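One structure is given below, encoded as structure tokens.
In my numbering, the protein residues as written are 182 to 278.
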């Protein structure tokens, strides 16, 4: 497992993808703040609607967790593609509107 992580440069990939996702989430209406490390990310929402957002996102094919009444967690795989990040952000923009 460690050899695969190194050969595919997954730690660096996760760091870059995490920065991309944090930045994109921070631009969404309805998101008050974003925090995280690598690809383990939490988005604090403007209102206590995390359970609804998680359910609506799941209905659109995106798995997020409501970790508090007003925060969701995203934990994509280390090898998530830029296209998949863009798709996740598009889904969240839709369910937050």
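A virtual CB, placed ideally from N, CA and C, is assigned to each residue, including glycine.
These figures come from a predicted structure and were not determined experimentally.
- Residues 229, 231 of the same chain have their beta carbon placed closer than 7 angstroms to that of residue 250, with the five preceding and five following residues left out of the count.
- With respect to the 9 angstroms criterion, residue 252 and residue 274 are not classified as neighbours on the basis of their beta carbons.
- Boundaries of the alpha helix (DSSP H) around residue 187: 183-188.
- Here residue 193 is exposed, its C-beta having fewer than 16 other C-beta atoms within 10 Å.
- Taking the Cβ atoms as the reference, residue 215 lies roughly 5 angstroms from residue 206, within the contact range of under 8 angstroms.
- When rounded, the separation of the alpha-carbon atoms in residue 213 and residue 226 is 5 angstroms.
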